[in-house]
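Quick notes on the structure that follows.
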C-alpha cells in the first residue's frame, strides 16, 4: 500500500522549517543548551502596526529568555517603562542592559538616544550594557544576539547626529549613533549566532576576559578599546609595533587632545600585554593570545 503526499511549495518550505526547528531544539537539549529562539506570534494578535508587533514579540522573547552574561544569574528583570535607557537589570549583580532589536543584521552604525545624555552617562559610568537582537521577520525566530559590555563603550564610538529640523516635532533635538564598526570584535560577545545559541560558559568567559577595563579610567578605556580595534583590523595573529603605528592618524583624530600618539600606543600595548590579551615576542613583535 502506497500513500502519496502532495505539498505546495509554501507548505513544503514550512514543513522544512518546522523540522529544522525540531532538530535544533533536540540538539540543544543534547548539548545542554536550551533557549527558545522562536518568537511567540500569538502575542501579536490585535496589533496592526508592524513596529508594534515586532516590539511586543522581541521584548517578550527577551523577558523570557535573556540571562546575565556578567554573573551566574539565569534571568534578567524588565525595568519600569519610565526608565528609557535601561530595559533590563540583573536581579543578582544589578548590571543594566538596553535592548536594540531589528529585522535586518546590524551594520556599522546603530541609531540611539540623545547625544549629550549619552556622553554624560559614559563619563559618569552609568551607561548600560547593550544587547543587539536581530530576528528573521519571515520565520519569526531570533537569528543573532550579541552583547556589548559597557566597559567597551567610549566617546569615540558615539557619533553626534545632526539636529532635527525646525519643522520636526522635536526640533533641535540631537541624537546619537553607536558606531559598532569602530569596536574590536572582542566587544561583540555573541549569545546567539546564525540561529545557534552559544553556550553560557563561553559567553561568560568572553565577558570576564575584558572586565579589567572597568579598573581603568573612562579616558584609558577609550584608548585601550581603540588600539585593540586597530590591532583587530590587521586581521592576523601576529603584528608589529610599526603595524599599529600605521593607525596613528586615525587614533589622533579619535583623541584630538593627545599630541603624543605613539607613546600612548605603546602604553596601551603594555596594558593589553599585562592582562594577557597579547604577548610580546621580542624585537617589536606581538601575538594576540587566544581566549
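Residue numbers (the numbering used here): 1 to 291. Idealized CB from N, CA, C, for every residue including glycine.
When the Cα atoms are used, what is the spatial distance from residue i to residue j?
i: residue 42; j: residue 223; result: 47 Å
i: residue 242; j: residue 166; result: 49 Å
i: residue 136; j: residue 109; result: 20 Å
i: residue 237; j: residue 130; result: 28 Å
i: residue 229; j: residue 153; result: 13 Å
i: residue 231; j: residue 207; result: 19 Å
i: residue 227; j: residue 281; result: 18 Å
i: residue 80; j: residue 156; result: 30 Å
i: residue 275; j: residue 49; result: 49 Å
i: residue 259; j: residue 248; result: 11 Å
i: residue 254; j: residue 120; result: 18 Å
i: residue 233; j: residue 246; result: 11 Å
i: residue 75; j: residue 284; result: 45 Å
i: residue 201; j: residue 40; result: 27 Å
Which of the three DSSP states, helix, strand or coil, is assigned to residue i?
i: residue 167; result: coil
i: residue 116; result: helix
i: residue 96; result: strand
i: residue 21; result: For residue 21, the pLDDT reaches just 46, beneath the cut-off of 50, and the residue's location in the model is therefore unreliable, leaving the point undetermined.
i: residue 77; result: strand
i: residue 222; result: helix
i: residue 60; result: helix
i: residue 284; result: coil
i: residue 151; result: helix
i: residue 88; result: strand
i: residue 131; result: strand
i: residue 123; result: helix
With residue i and residue j assumed to form a contact (beta carbons below 8 Å), what rounded beta-carbon distance in angstroms separates them?
i: residue 161; j: residue 174; result: 6 Å
i: residue 308; j: residue 66; result: In the structure as shown, the chain starts at 1 and stops at 291, and residue 308 therefore has no counterpart that could be examined.
i: residue 38; j: residue 140; result: 7 Å
Please determine, among the options, the residue with the shortest C-alpha to C-alpha distance to residue i.
i: residue 123; options: 133, 52, 54, 217; result: 217
i: residue 172; options: 143, 114, 147, 269; result: 114
i: residue 215; options: 272, 170, 201, 235; result: 272
i: residue 286; options: 244, 257, 260, 256; result: 244
i: residue 87; options: 288, 132, 184; result: 132
i: residue 36; options: 48, 63, 267; result: 63
i: residue 134; options: 53, 239, 194, 211; result: 194
Is residue i near the ligand MN - that is, is its Cβ less than 7 Å away from at least one heavy atom of it?
i: residue 156; result: Ligands displayed in this structure: none; no statement on the ligand MN is therefore possible.
Check your understanding: How do the region 179-187 and the region 48-68 stand: do at least 3 beta-carbon pairs fall below 8 Å, yes or no?
Key -> no
Review point. Between the region 67-74 and the region 88-98, are three or more C-beta pairs nearer than 8 Å?
Key: yes
**Study point:** Inter-stretch contact at 8 Å, needing at least 3 Cβ pairs: the region 188-197 / the region 141-149
**Key:** yes
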